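Notes follow once the structure below has been shown.
Number of protein chains: 2
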Amino acid sequence: MDFQAELKQKGERAKIAARKLATVSAAAKNQALQAIADALLSNTAAILAANVLDMEAAKGRNIPGPLLDRLKLDEARIKAMAEGLRQVAFLPDPIGEVLSGGKRPNGLLIQKVRVPLGVVGMIYEARPNVTVDAAGLCLKSGNATILRGGSEAIQSNTAIVQVIADAARQADMPADVVQLIATTDREAVNAMLKLNEYIDVIIPRGGAGLIKTVVHNSTVPVIETGTGVCHTFVDVSADLQMAQTIAFNAKVSRPAVCNAMETLLVHAKAADQFLPPMLEQFHQAGVELRGCPVTQRHHRAVKPATQADWATEYSDYILSVKVVSGLEEALEHIAKYSTKHSEAIVTSDYGNALRFQQEVDAACVYVNASTRFSDGFEFGLGAEIGISTQKLHARGPMGLTALTSFKYMISGQGQIR
Amino acid sequence: MDFQAELKQKGERAKIAARKLATVSAAAKNQALQAIADALLSNTAAILAANVLDMEAAKGRNIPGPLLDRLKLDEARIKAMAEGLRQVAFLPDPIGEVLSGGKRPNGLLIQKVRVPLGVVGMIYEARPNVTVDAAGLCLKSGNATILRGGSEAIQSNTAIVQVIADAARQADMPADVVQLIATTDREAVNAMLKLNEYIDVIIPRGGAGLIKTVVHNSTVPVIETGTGVCHTFVDVSADLQMAQTIAFNAKVSRPAVCNAMETLLVHAKAADQFLPPMLEQFHQAGVELRGCPVTQRHHRAVKPATQADWATEYSDYILSVKVVSGLEEALEHIAKYSTKHSEAIVTSDYGNALRFQQEVDAACVYVNASTRFSDGFEFGLGAEIGISTQKLHARGPMGLTALTSFKYMISGQGQIR
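Protein sequence lines, in the order shown, are assigned to chains A and B. The opening residue of the first sequence carries number 1 in our numbering; numbering runs sequentially from there. The opening residue of the second sequence carries number 1001 in our numbering; numbering runs sequentially from there.
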C-alpha cells in the first residue's frame, strides 16, 4: 500500500474511532489507560527487542550520541512510560464539563460543553516515550490519534503502538483510537499535513526545523510548540542575590529545554555590582558567554555577541548578555527578539513589576522567579502535551484541556427566529 | 510601492500599534469607538461619493445584482454602521479578565489573564460594512487590524478606513490600529497569508471559494468560518406541528445565510403524516424540493436528489429531503455530510434528545428549535465577528472573546526550579 492510501485509510478509521470515543465514559477510558500501562510492562521484552533493531540501525548511520540516548529504551524507561499513563488515568476527565450557559430571553437554554477535538495528528522525532505520552493524553481527552514518529524509532514505535492498540481494544475502546503511520517515507509527513478531511489538529514536537516544516506546509490547523528565546531582566531595584540565583537556575539547571534562559539583560546601574560575580559563576559552570561591549568589560571570558546571538535559542551552555539603560530598553529588546515563550524580570519596584507583566507579550511572564517553571506539571495542569508559542487556541504549557474543543447544546420548546 | 513592500510596511506598523493598543484602557477605546461613529456620520457625503465610484465600476463589469446590493451604501446603511460601533462601545471590555489562577505549593502565584491576539488580518468580499464591523470589534478587543476587502469595494473601503484611522488618531489611539491593503492585486492576498512575522490570525469572511483559498494557502493561523450544510431531523416522537414550524423557519426565513437548513431528515414512521403538508408548504413558498425515492412519493413537486445534493450548501430556496429509518440513520447521515455548523432534532423522546446532543459533532446542536439561532447576537455574545466551523480556538458564533488570547502572569519571591 502506498503512503497516500495508508494515510487516507488511517484517516477514515480515526474519524470513525473519534466519533465513538467522544461518548465513552471517563471510567472506561481510565480502565483502558491502566490496561495499556499493564500491557507495556508485560510486553517489555518485545519492545526492547524492537528498540535494539532501531539502535543498531542508528549506529550504522552515525547518528549523534544525544539522539541515540533519546532513542534508547530500557526497563526503567518503559516503567516510567507505564507510570505516566497511570498518572493520566488519575487526572479528572475534561470532557463534558459545562463551561458556561444560561437561558436566553426567548427561553432557549444554551450550554457550552467541553468536547474532544476529534482526530489529533502528532508529528515528532526520535523519542519513543512521546508515542506513549501522546497516545495516553489523547485517549484520556477522547481524541483518536494518528502518530508519525521519527524514522529512527520506527521499530520501537511499531512495537509500542501494537501493544497500546491491542490493550485498548481488549479494554473495549473503539478500534483504531491510536494508529501509527507505518511508512518512513518523508513525503508522508507532507501528505499528513493536508488531511483536512480527517485530522482536526496537528501538533508537532521536536526541533525548530520540524516545527517550521509543519507550520509552513500544513493546511490542517496546527498548534505550534517549542522555540524559546527566553530573557531575564535584572532591574536596578532587584535583590541582586535573588537575581543571581534566578538567572543561574534559568540558564544552567537544564539548558536544552525551551524554558531555559538564552539572554540575560542587566540594568546599567546594576551592572558594576551584579555582573562580575554572576559572569564568574556562569564561567565556572562552563557556560560560554557572549556579551555586548559593556558586558565584556566585566569579565575576561565574555566574547562579543553578534546580532544573530540575540535571536538564537542555543539550547546549550551558552548565554548572551546585554547591559540596557533601563526597563524601556529591556522591553524593546524583548519585543524584538522574544519568541513569546517565557520572560522574567527580577525587581523590587512595584510599578516595574506591573508594567513588565502587562506589556511583555509572551505565554508566561514572570516576576522574581525562574523561567524554568513554564511546564504543565509545575503549573498544576497534571500533564503536558507541549508548550504552545502561538496565541490561537492554546498558549504556554498545554494540559488535557488543550486537546479539547467545545460545542453549544441548545434546548428549546419550538422556538423559531 | 509594490504590494510586498506595502504588506511588510503595514505588518511592521500593525505590530507596533498592537503592542501599544494592548494596554490602552477600556474607557479610551470606548471613546474612540464613539468618535469613529461620529466621524462616519459627519463624513457620510465623502463615503457615499467613493461608493458611487465603486458602483459605477461594478456596473461596467456586469457584476450580478445581489453583489451590487451588498456593495451599495446609502445614508441609512452608514447610520447602521455607526450605530453598530456604539453598541460595541457599550460591550464589556474582555481584556484583562482573570480567567483562572491560584497559588502553587511553592508559593508561586499564577494568573491566567485575557489579552488581545495582537494583529488580526481580515480578508473579505464586497460588503463595505464588514470594514467597519471588523475594525470596531478588533479595536475593542485591543487588536490592530489589517483589512483586505474585495476589489469591487476598494474606493468605499479606502474612504471608510481613512475616516476610521483619522478619528482613532484624534481620539489618542496608537497610529495604524486599522489599516487597509491598498492594492487590488489578487496576489496580495497570497502574500498576506504568509505574513507570520506580523499577523497573529487571519479570519476570512465570504463565500466558500474565498475561505478555501485562505485555509489552503495560509501559514498564518486561520479561523475558518462559514459553510453550513445544516440538517433538521424530525423524529417519530416529534410534535409534528412544531416540527413543521421549525423546519419551515430553518429553511425559508433567510435561505442565503450559513445557519439555514439545507437537508430535512424525516423518521420513516412519521413520513406519511408529516411530509405531505410540510412539502406542500415549502412548495407554496417557492422552495425547490429534491428528495429520496420515498420523499418523492409524498409530493409531485419533489425531484430526485443526487449524491451531490446531500453535500451541497444551496444558500437558496432549495431543500433536500430524506426519509431515514430512525435516529441511527439520521446520525450516520449527519456525520457523513455535516459541515459541523448547526444541527437540529425535533423530538419528544428524552433519550433521543440527549443522544443527539451528545453524539452530533457540530458547533451548535439543537433540540426543538430552529438552526437559524446560531448567531452571536442570539447567543447573547453582543457582537459577531463570524461563525467558526473549526474546532481550534473558537467554535460557533464568535463574539469579542474569539479575538482574544491569554497569558500567564507568574509572581514569585525568588523561586527557582
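Where is the CB? At the ideal position from N, CA and C, for every residue including glycine. Since we're looking at a predicted model, the values are computed, not measured.
Assignment of HIS267 (chain A) by DSSP, reduced to helix, strand and coil, places it in the strand class. Across the region 91–103 of chain A, CB contacts with chain B closer than 8 angstroms involve GLY102, in sequence order along the chain. The three-state secondary structure of LYS1340 (chain B), taken from DSSP, is coil. Rounded to the nearest whole angstrom, the C-alpha separation of SER1405 (chain B) and ALA1208 (chain B) is 27 angstroms. Uninterrupted alpha helix (DSSP H) stretches at least 4 residues long and entirely within the region 1011–1062 of chain B occur at 1026–1042 and 1044–1060, given in chain order.
Residue nearest to ASP1272 (chain B) within the set B:GLY1291, B:GLY1286, B:ILE1078 and B:ARG1297 is B:ARG1297 (criterion: CA-CA distance). Judged by DSSP secondary structure, HIS299 (chain A) falls outside any alpha helix (DSSP H); it is assigned neither H nor E.
Residue contact with chain B for PRO204 (chain A): absent (no Cβ-Cβ distance below 8 angstroms to any residue of chain B). The continuous beta strand (DSSP E) containing HIS1231 (chain B) extends over residues 1230–1234.
By the CB criterion at 8 angstroms, GLY1142 (chain B) and ILE1078 (chain B) fall outside the cutoff. Every beta strand (DSSP E) of 3 residues or more that sits fully in the region 1135–1195 of chain B is shown, in chain order, as 1144–1148 and 1178–1180.
The beta-bridge partner set that DSSP reports for LYS322 (chain A) consists of A:LEU265.
A Cβ-Cβ contact shorter than 8 angstroms links HIS393 (chain A) with HIS1393 (chain B). Neighbours of ARG395 (chain A) in chain B, taken as residues at a C-beta separation under 7 angstroms, are given in chain order as SER1405, PHE1406 and LYS1407. GLN31 (chain A) and GLU1006 (chain B) have their C-alpha atoms roughly 57 angstroms apart. Secondary structure of ARG114 (chain A) (DSSP, three-state): strand.
The beta carbon of ALA260 (chain A) is closer than 8 angstroms to those of GLY228, CYS230, ALA250, LYS251, SER253, ARG254, SER315, THR371 and ARG372 in its chain, skipping five residues each way along the sequence. The region 1174–1192 of chain B and the region 1275–1286 of chain B do not touch, with fewer than three beta-carbon pairs separated by less than 8 angstroms. Here the region 376–384 of chain A does not lie against the region 1303–1320 of chain B, with fewer than 3 beta-carbon pairs under 8 angstroms apart. Taking the beta carbon of GLY1380 (chain B) as reference, the chain A residues within 9 angstroms of it are GLY102, ARG104, PRO105 and ILE110, listed in sequence order. For the pair of segments examined, the region 1211–1220 of chain B was found not to touch the region 1317–1334 of chain B: the number of CB pairs separated by less than 8 angstroms stays below three.
As computed with DSSP, ALA369 (chain A) is found in a beta bridge with B:GLN1415. Of all residues in the region 356–368 of chain A, only GLN357, GLN358, GLU359, ASP361, ALA362, ALA363, CYS364, VAL365, TYR366, VAL367 and ASN368 come within less than 8 angstroms of chain B when Cβ atoms are compared, listed by chain position. Rounded to whole angstroms, the Cβ separation of HIS267 (chain A) and VAL234 (chain A) is 6 angstroms, and the two are in contact under 8 angstroms. Check the Cα spacing between SER338 (chain A) and each of A:VAL346, A:SER348, A:THR347 and A:GLU359: the tightest is with A:GLU359. In this structure the region 1127–1147 of chain B touches the region 1088–1108 of chain B; the number of beta carbon pairs closer than 8 angstroms is three or more. In this structure, the CA atom of GLY1226 (chain B) is about 27 angstroms from the CA atom of THR145 (chain A).
In the three-state DSSP reduction, PRO64 (chain A) falls in the coil class, being neither helix nor strand. Listed along chain A is no residue with a C-beta nearer than 7 angstroms to that of GLN1170 (chain B); the closest approach is about 25 angstroms. Near chain B, meaning a CB-to-CB distance below 7 angstroms, the residues of the region 193–226 of chain A are ASP200, VAL201, VAL215, HIS216, THR219 and PRO221. At a cut-off of 8 angstroms between C-beta atoms, LYS1391 (chain B) counts as an interface residue with respect to chain A. In this structure, the alpha-carbon of GLY60 (chain A) lies about 10 angstroms from that of ASP54 (chain A). Counting along the chain, ARG205 (chain A) sits inside the beta strand (DSSP E) bounded by residues 201–205. Cβ-Cβ distances below 6 angstroms link THR1347 (chain B) to ASP1235, SER1237, ALA1238 and ALA1353 in the same chain, with the five nearest sequence neighbours on each side left out; the list follows chain order. Taking a C-beta distance under 8 angstroms as the contact criterion, GLY206 (chain A) and GLU125 (chain A) qualify as a contact pair.
If you draw a straight line from the Cα of ILE164 (chain A) to the Cα of GLN1087 (chain B), it is about 54 angstroms long.
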